Amino acid sequence: LGQHGYGEEALNLFEQMLHEGIEPDRITFLTVLSVCSHAGLVEEGCKYFKSMGKDYGIKA
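Okay, structure coming up:
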């Protein structure tokens, strides 16, 4: 989605996943960070990168 101009929609799906109680893994975060990169969503990317370690214990 992110590579085709649907970055916001992709992040909304990620947030919906979290709301449903699905815990993201390394691959999920890789995809989210890629979406942020391709869509130019720098602030969001930084937020998710920080959350990756702080909230989910995934090391960069």
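So the sequence shown is residues 2 to 61, counted in the working numbering.
Glycine is no exception: its CB is placed at the ideal position from the N, C-alpha and C atoms.
All of these numbers come straight from a predicted model, not from anything done at the bench.
Around the beta carbon of Leu31, fewer than 16 other beta carbons lie within 10 angstroms, which makes this residue exposed. In terms of Cβ geometry, Gly8 and Leu42 form a close pair [threshold 9 Å]. When DSSP states are grouped into helix, strand and coil, Lys60 belongs to the coil group. Rounded to the nearest angstrom, the gap between the Cα atoms of Gly46 and Cys37 is 5 Å.
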